[in-house]
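J.: In the numbering used here, the protein residues as written are 107 to 622.
Pasting in a structure now, in C-alpha cells, and then I'll have a few things to ask.
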C-alpha cells in the first residue's frame, strides 16, 4: 500500500493546495485540445478538493502563432501551468527554482523527458537531470511534494531505440523517486502506461488524444489520492468525446459543373476532408475525398449540372478524422440572384448597379412603371455583360421599379430584390463645408449626379433671420464664395440642386463666423 504523507484540505479549509504542472508539449497542449490538465481539474472539482493550479503560463501551443493561443475546446477551468512545448528536463532543471519562487506551489506534477530521450540525452543523463531538478526545487521549498510521471509509449517501428530508451528511463525514474523521497519532501510515481495505446491515445504517435488525456490525468489523480489523500481514485476511463471538433458554417455556392465550398476554421486542424454525394443519382452515403485540403475552402468539379449534391466537412488532426459539419446542398449550373442593387435617378433616366454573381456571364434588367399602372416587370430583350446599366426614355416624376436576374449558358437565375427610383429627381448635396474669411465665407460640397447647377441658401443667425434666403442664380460648380458678410456674425448655409426638371432638396446646413 502506498504511504500517506499528508492530507489535502477540503472545501472548508482556508488555503487551497497549490499544484503546479511542469512539463513539455504533452502537458502544454495544442490549440483544439482539452489537455490532461483540464481532465484533472474536472476530477478534483467533482471531488470537492480546494486547490489552485499555479504556474507562469495559461496558454496552448499553436503552430501558426508564436505567442501561443487560448483555443481550448473548453476554456472554463484553471489554466495556470508551467509547461513549454519542446522543453527537456535538461533545461527545466535550471529554471524550476525561479518558477517555484514565483508560484509557491505545494505539489509538483511532472511529466517531462520525452524531448531529452529524442534529442538531448541518454536515459541515464535524463534521469540525472531529473535528480538535479528535484534538488533545485527543494532549494526553494524543502517540503515540496513531487509526483513524477512515467513517459507514455510512442508509435515507432520494431527495434527503434526509443523502445529501449523509454523502458530504461522509466525504470531509472522509479528508482530515482525511491532514492529521493523523504518524509518531508515525498517523491512518488504516476504511471499512465498500463493500457496506453499510442495508436488510439495519441493523435500523432506522441501527443495525447482525448482518451490519452484522460489516462494521464487518471494516473496523476490516483497518485494524489493514494499518496496524499487529495481527492479520490479516478475510476473507469470515460468514453472520449468525438474529436477533433467539427467545422461549422459550411456553405456551397453553385457554378457551372462545379461548386465552391467554404467553412470556418477549427483550432488545431491540420487539414479538412470533403465528403459528398449526388442525391439526384441516388447516392445514399457520402464519399470522402482521398486527400485532405489544408485551407477552409475547396472547389468540387466534374459535377453534373442540374443534379442536387450534398457536402459535409470533417476536421483532420494528424491521425484523427473528426465528426462532420452541417450538410450543405447545391445544384451546379444554377445561379444566385444578384445583391446590392441600387438605382440613382437622372433626367428621364436611372443609373443601375449591383454586385457580381459567380458563374454569371450576363445580367437581365427587369423594370416596370408603377405610376403608369404596370403590375409586372418587363425584361430587357438582351442581357448586359457588366454589373451596371442605364435605363433611358423614362418619364420624369414617375415611380419605376427595377430588378436584375443572372444569365449563363445553362439558363437564367432568380430575380433580385426590386428597388424604386423616380427619374428627374435630384438628391440633396452632401459634404458641405464653410471656411470663414474677412467678411466672407468659402463654401464647397460634393457633386450630385444629374445636377446642372446648385443654389446657395443662407441666413444671418445673429441678425435674427429665421429662414434661409436662396441666391437668385445657381452656380455651376461645387464651390462658391459668399461676400459682404458682417464679421463676428453667425451665418448658416445650405445647398440645393438644380437641373432642367427643377430643383432638389436642400442639404443639411453648416455654420460659419466670418472674421477679419
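From the three backbone atoms N, C-alpha and C, an ideal C-beta is built for every residue, glycine too.
No experiment lies behind these values; they were computed from the predicted model shown.
(1) With contact counted as at least three CB pairs below 8 Å, one residue from each stretch, are the stretch 412 to 431 and the stretch 354 to 368 in contact?
(2) When you compare each of 448, 246, 549 and 538 to residue 510 by their alpha carbons, which one comes out closest?
(3) Just to confirm the assignment, what range does the beta strand (DSSP E) spanning residue 367 have?
(4) Quick one: measure Cβ to Cβ for residue 188 and residue 236, integer angstroms, because I've assumed they're closer than 8 Å.
(5) Leaving out five residues on either side along the sequence, give the residues of the same chain with a beta carbon under 8 Å from the beta carbon of residue 433.
(6) With burial defined as no fewer than 16 other Cβ atoms inside 10 Å of the residue's Cβ, what is the status of residue 87: buried or exposed?
(7) What do you reckon, are the CB atoms on residue 245 and residue 196 nearer than 8 Å?
(8) With a CB to CB cut of under 7 Å and the five nearest residues on each side skipped, what residues in its chain are close to residue 500?
(9) Helix, strand or coil: how does DSSP classify residue 459 here?
(10) Where does the unbroken alpha helix (DSSP H) through residue 197 begin, and where does it stop?
(11) For residue 208, collect the residues of the same chain with a Cβ closer than 8 Å to its Cβ; drop the 5 residues on either side in sequence, then sort them by chain order.
(12) In the structure shown, what three-state DSSP assignment does residue 316 receive?
(13) Would you check if the distance between the CB atom of residue 124 and the CB atom of residue 181 is smaller than 8 Å?
(14) Which term fits residue 313, buried or exposed, when burial requires 16 or more other beta carbons within 10 angstroms of its beta carbon?
(15) Got a sec, what are the start and stop residues for the beta strand (DSSP E) residue 472 sits in?
(16) Hey, out of 222, 154 and 344, whose CA is closest to residue 199's CA?
(17) Rounded to whole angstroms, what's the CA-CA distance from residue 583 to residue 482? Just pull it up for me.
(18) Quick check on DSSP: helix, strand or coil for residue 423?
(19) Give me the Cβ distance between residue 298 and residue 322, rounded to the nearest whole Å; I'm assuming they're in contact under 8 Å.
(20) Which residue marks the beginning of the alpha helix (DSSP H) containing residue 239, and which one marks its end?
(21) Alpha carbon to alpha carbon, how far is residue 367 from residue 435? Give it in angstroms, no decimals.
(22) Can you find at least 3 beta carbon pairs, one from the stretch 324 to 331 and one from the stretch 282 to 293, that sit closer than 8 Å?
(23) Buried or exposed: where does residue 387 fall if 16 or more other Cβ atoms within 10 Å of its Cβ makes it buried?
(24) Taking one C-beta from the stretch 421 to 431 and one from the stretch 369 to 379 each time, how about it: are there three or more such pairs within less than 8 Å?
(25) Which residues share a DSSP beta bridge with residue 406?
(26) So, are the CB atoms of residue 320 and residue 344 less than 8 Å apart?
(27) In whole angstroms, what separates the C-alpha of residue 276 from that of residue 257?
T.: Reading from the atomic positions:
(1) The stretch 412 to 431 and the stretch 354 to 368 touch, with no fewer than 3 CB-CB distances between them shorter than 8 Å.
(2) Here residue 510 is taken as the residue at index 404 of the chain shown, counted from 1. Nearest option by C-alpha distance: 448.
(3) The residue you call residue 367 lines up with position 261 of the chain shown. Taken as a continuous stretch (DSSP letters only), the beta strand (DSSP E) holding residue 367 covers 364 to 368.
(4) For the purposes of this step, residue 188 is taken as residue 82 along the chain shown, with counting starting at 1. For the purposes of this step, residue 236 is taken as residue 130 along the chain shown, with counting starting at 1. Beta-carbon to beta-carbon, residue 188 and residue 236 are separated by about 15 Å, too far to satisfy the 8 Å threshold.
(5) Locating residue 433 in the chain shown gives position 327, counting from the first residue. Leaving aside the five residues that flank residue 433 on each side, the residues in its chain whose CB is nearer than 8 Å to its CB run, in chain order, 356, 416, 417 and 418.
(6) This structure cannot speak to residue 87, because the chain is shown only from 107 to 622.
(7) As a working note, residue 245 is residue 139 in the chain shown. As a working note, residue 196 is residue 90 in the chain shown. The criterion of a C-beta distance shorter than 8 Å is not satisfied by residue 245 and residue 196.
(8) Residue 500 sits at position 394 when you count from the first residue of the chain shown. For residue 500, the CB contacts under 7 Å within the same chain, skipping 5 residues up- and downstream, are 454, 455, 456, 506 and 529 in chain order.
(9) For the purposes of this step, residue 459 is taken as residue 353 along the chain shown, with counting starting at 1. Looking at residue 459 - three-state DSSP - the assignment turns out to be strand.
(10) Numbered from 1 along the chain shown, position 91 holds the residue referred to as residue 197. First-last of the alpha helix (DSSP H) with residue 197: 195 to 198.
(11) Against the chain shown, residue 208 aligns to sequence position 102. Only 162 meet the Cβ criterion.
(12) As a first step, residue 316 is located in the chain shown; it is residue number 210 there, counting from the start. DSSP places residue 316 in helix when its eight states are reduced to three.
(13) By 1-based counting over the chain shown, the position of residue 124 is 18. By 1-based counting over the chain shown, the position of residue 181 is 75. Contact flag unset, no.
(14) Your numbering for residue 313 matches position 207 in the chain shown. Result: buried.
(15) For the purposes of this step, residue 472 is taken as the residue at position 366 of the chain shown. It spans 468 to 475 - the beta strand (DSSP E) in which residue 472 sits, taken as one unbroken run.
(16) By one-based count along the chain shown, residue 199 stands at place 93. Checked all of 222, 154 and 344; the closest Cα to residue 199 is 222.
(17) As a position in the chain shown, residue 583 is number 477, starting the count at 1. As a position in the chain shown, residue 482 is number 376, starting the count at 1. Going from the Cα of residue 583 to the Cα of residue 482 covers about 41 Å.
(18) To locate residue 423, count along the chain shown from 1; it is residue 317. Three-state result, residue 423: strand.
(19) Within the chain shown, numbered from 1, the residue matching residue 298 stands at position 192. Within the chain shown, numbered from 1, the residue matching residue 322 stands at position 216. Yes, residue 298 and residue 322 are in contact; Cβ-Cβ is about 5 Å, under 8 Å.
(20) Residue 239 sits at position 133 when you count from the first residue of the chain shown. Start and end: 229 to 246.
(21) For the purposes of this step, residue 435 is taken as residue 329 along the chain shown, with counting starting at 1. For the purposes of this step, residue 367 is taken as residue 261 along the chain shown, with counting starting at 1. Roughly 10 Å between the two C-alpha positions.
(22) no
(23) Mapped onto the chain shown, residue 387 falls at position 281. It is exposed - the Cβ of residue 387 has fewer than 16 other Cβ atoms within 10 Å.
(24) yes
(25) Locating residue 406 in the chain shown gives position 300, where the first residue counts as 1. For residue 406, which the question treats as bridged, DSSP gives the partners 365.
(26) The sequence position of residue 320 within the chain shown is 214, counting from 1. The sequence position of residue 344 within the chain shown is 238, counting from 1. Result yes, Cβ atoms of residue 320 and residue 344 sit closer than 8 Å.
(27) One-based indexing of the chain shown puts residue 276 at position 170. One-based indexing of the chain shown puts residue 257 at position 151. Cα atoms of residue 276 and residue 257: separation of roughly 7 Å, rounded to the nearest angstrom.
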